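Numbering (UniProt numbering), first residue to last: 1 to 547.
Note that CB positions come from ideal geometry on N, CA and C, so glycine has one too.
These numbers come from a predicted model, not from an experiment.
Scroll down for the structure; my scribbles are underneath it.
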């Protein structure tokens with residue numbers, strides 16, 4: 001039998017032409033549950049665009065053509081400008097235009113943050129790097145509310161649906177973007193070790209900054225929230241890129257970071273020498289002021305990681321549904337079904353938790369929701385982001401050698417997978433934040449108990465896991481010496497109970513049963529694809545994209 005070797009056979013077609021939103025059953029169910037079917041309909045257009053070949057191509061091009069720093073212009077003037085590929089601007093324009101930046105804070109919709117979270121997850125399938133400036137712009141608004149005047153000045157521009165790049169006076173722009181600078185060379189997460197100095201000027205509330213920032217993403221953004229040492233201690237400041245009179249503020253971009261992933265996005269080192277800054281909040285209260293921005297970006301770490309897992313699962317199920325080996329489609333092989341179902345359950349659990357967190361942001365006036373967000377954010381940031389590299393690696397392997405090739409898109413996801421576990425506090429920082437919340441704010445434990453308790457009686461394994469977790473917490477609280485060393489163990493168990501409670505209450509029984517058996521039972525073997533029983537075919541079919 002002869003064949004034309006120039007024609008490929010038994011290869012999966014490109015995964016394009018599907019709707020990222022409407023073909024994600026877990027996302028649709030979560031948004032309908034916490035918002036409405038109308039919100040799903042509203043964001044369906046985001047999902048449709050995100051699933052196009054055009055969007056996929058722009059995502060690849062933005063990553064292949066890295067940002068370029070130009071410190072000086074041709075005449076020798078210091079300009080510190082970063083040039084991005086046109087595909088970056090294509091992605092940014094649509095992200096801002098779809099209301100994925102700071103728009104929810106100015107919306108009168110009761111479900112604005114759920115809508116934005118679902119849209120952010122769907123749009124991140126295109127390319128995750130440009131989500132960084134989108135996320136920081138979203139997160140800046142609650143921190144800016146520490147000063148009414150600054151909030152009124154910046155919020156309408158940050159919440160705009162217009163993407164207006166370029167270094168210009170903010171008042172002349174249709175929309176602006178925000179960034180954040182916290183860490184320094186010597187301190188990292190220990191921001192109280194910062195040495196950047198803030199000196200008062202003769203103008204009320206105005207200072208000049210003298211020092212540096214070790215990581216500042218998107219240095220072309222219009223305004224930055226940074227921490228510096230004032231006379232009263234660590235203080236938060238608003239640093240505009242361009243001053244009101246049109247002159248450029250002194251923000252020297254030393255270099256762009258050469259990163260593992262996130263290559264479409266420019267992460268920089270900045271130096272300040274006489275940089276004009278406006279105090280945000282009281283002196284010495286900088287960490288408390290900027291913590292609202294940190295909370296919002298931590299939410300986006302969960303959303304972004306969930307998106308990475310979901311896209312990886314989509315690629316794996318799509319490939320195996322079209323690739324034959326040893327007499328049948330890969331997706332029909334029992335062991336491959338086991339792997340795919342396990343990955344799909346991971347994506348479902350992350351999605352349910354991510355949208356639940358966004359719903360809490362929509363309802364922060366409710367004490368339970370506010371307390372739940374406080375404890376669930378570091379729990380979710382710790383656990384979901386930790387699971388992402390494992391899930392993406394397993395999905396990549398489902399494509400075999402094809403998955404290791406750049407054209408598949410999986411290497412891009414794999415390089416991106418560890419980022420959200422590092423950004424806004426590593427795993428240890430977030431696990432310790434869980435302990436901090438439990439020790440200082442007793443209402444957060446009550447909120448966790450109330451939330452997981454809503455599934456009581458739905459699954460005996462979940463009930464037992466909740467009681468075991470409370471027993472673990474009790475024993476650790478009684479032994480301060482062992483508390484910190486067990487922080488990750490406690491955070492893992494609390495996060496799994498939260499995910500399990502949501503799936504038991506709302507997911508199809510097949511999904512909840514497999515989750516509780518594998519994550520809360522006693523048979524978990526530490527790798528994907530070791531599920532023992534359950535309707536795996538149903539779970540895999542539910543997770544396979546439909547074009």
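- Under three-state DSSP, which class holds residue 211? strand
- Residue environment, residue 152, which counts as buried when at least 16 other CB atoms sit within 10 Å: exposed
- Query: DSSP three-state call for residue 71: helix, strand or coil?
  - Reply: Correct three-state label for residue 71: strand.
- How is residue 403 classed by DSSP in three states: helix, strand or coil? In this structure, residue 403 counts as helix in the three-state DSSP scheme.
- Task: For residue 165, name the three-state secondary structure that DSSP assigns.
- Result: coil
- Short check: CB of residue 46 to CB of residue 140, under 7 angstroms? no
- Under three-state DSSP, which class holds residue 20? Taken through DSSP and simplified to helix, strand or coil, residue 20 comes out as coil.
- Task: Can you tell me which of 75, 30, 222, 319 puts its alpha carbon nearest to the alpha carbon of residue 540?
- Result: Taking only the C-alpha atoms, the option nearest residue 540 is 319.
- Query: Identify the residues that DSSP records as bridge partners of residue 78: which are they?
  - Reply: Residue pairing by DSSP places residue 78 opposite 72 in a beta bridge.
- Query: Mapping DSSP to helix, strand and coil, what is residue 503?
  - Reply: helix
- Message: Can you tell me where the beta strand (DSSP E) holding residue 198 begins and where it ends?
- Response: 197-200
- Report the three-state DSSP secondary structure of residue 272 (helix, strand or coil). strand
- Query: For residue 438 versus residue 487, is the C-beta spacing smaller than 7 angstroms?
  - Reply: no
- Where residue 274 and residue 16 are concerned, what is the direct C-alpha to C-alpha distance, given to the nearest angstrom? 50 angstroms
- Query: Comparing alpha-carbon positions, which option in 297, 224, 233 lies nearest residue 194?
  - Reply: 233
- Could you round the C-beta distance between residue 270 and residue 401 to whole angstroms and report it? I think they count as a contact, below 8 angstroms. Not quite, the Cβ-Cβ distance comes to about 42 angstroms (not below 8 angstroms), so this is no contact.
- Query: Where does the unbroken alpha helix (DSSP H) through residue 337 begin, and where does it stop?
  - Reply: Its alpha helix (DSSP H) spans residues 334-362.
- Query: Any heavy atom of the ligand ZN within a distance shorter than 6 angstroms of the CB on residue 239?
  - Reply: Within the structure as shown, the ligand ZN is missing, as the structure has no ligands at all.
- State the start and end residues of the unbroken alpha helix (DSSP H) segment that holds residue 286. Where residue 286 is concerned, the enclosing alpha helix (DSSP H) stretches over 286-322.
- How many Å lie between residue 212 and residue 453 at the Cα? Cα-Cα distance, rounded: 47 angstroms.
- Can you list, in chain order, the stretches of the alpha helix (DSSP H) that have 4 or more residues and sit fully within the stretch 437-483? The stretch 437-483 contains these whole alpha helix (DSSP H) runs: 442-453, 460-477, 480-483.
- Task: Would you kindly work out how many angstroms separate the C-alpha atoms of residue 50 and residue 56, rounded to a whole number?
- Result: 7 angstroms
- Query: Smallest Cα separation from residue 103: which of 394, 161, 451, 52?
  - Reply: 161
- Message: Using a 10 Å radius around the Cβ and a threshold of 16 neighbouring Cβ atoms, would you call residue 184 buried or exposed?
- Response: Label assigned to residue 184: buried.
- Query: Closest by CA to residue 201, which one among 243, 276, 267?
  - Reply: Measuring from the Cα of residue 201, the nearest candidate turns out to be 276.
- Pull up the CB-CB distance for residue 306 and residue 354, whole angstroms please, since I reckon it's below 8 angstroms. That pair is a contact at about 5 angstroms.
- 4 or more residues per run - each alpha helix (DSSP H) lying fully within the stretch 107-170: 112-123, 131-144, 148-158
- Message: Along the chain, where does the beta strand (DSSP E) containing residue 240 start, and where does it finish?
- Response: Residues 233-240.
- Any C-beta of chain C sitting closer than 7 angstroms to the C-beta of residue 391? Of the chains in the structure shown, none is chain C; there is only one protein chain.
- Per DSSP, cross-strand counterpart(s) of residue 228: 235
- For residue 39, which beta-bridge partners are listed by DSSP? Residue pairing by DSSP places residue 39 in no beta bridge whatsoever.
- Task: Measure the alpha-carbon distance for residue 323 versus residue 391 and round it to whole angstroms.
- Result: 20 angstroms
- N-terminal and C-terminal residue of the alpha helix (DSSP H) that residue 30 is part of: Here the alpha helix (DSSP H) through residue 30 covers 25-34.
- Task: Mind reading off the beta-carbon distance from residue 339 to residue 528? Whole number of angstroms is fine, and I expect it under 8 angstroms.
- Result: With 8 angstroms as the limit, residue 339 and residue 528 qualify as a contact, their Cβ atoms being about 6 angstroms apart.
- Item | Residue from 261, 36, 146 with nearest C-alpha to residue 132 | 261
- Evaluate residue 137 with the Cβ neighbour count: other Cβ atoms within 10 Å of its Cβ, from every protein chain shown; 16 or more gives buried, anything less gives exposed. buried
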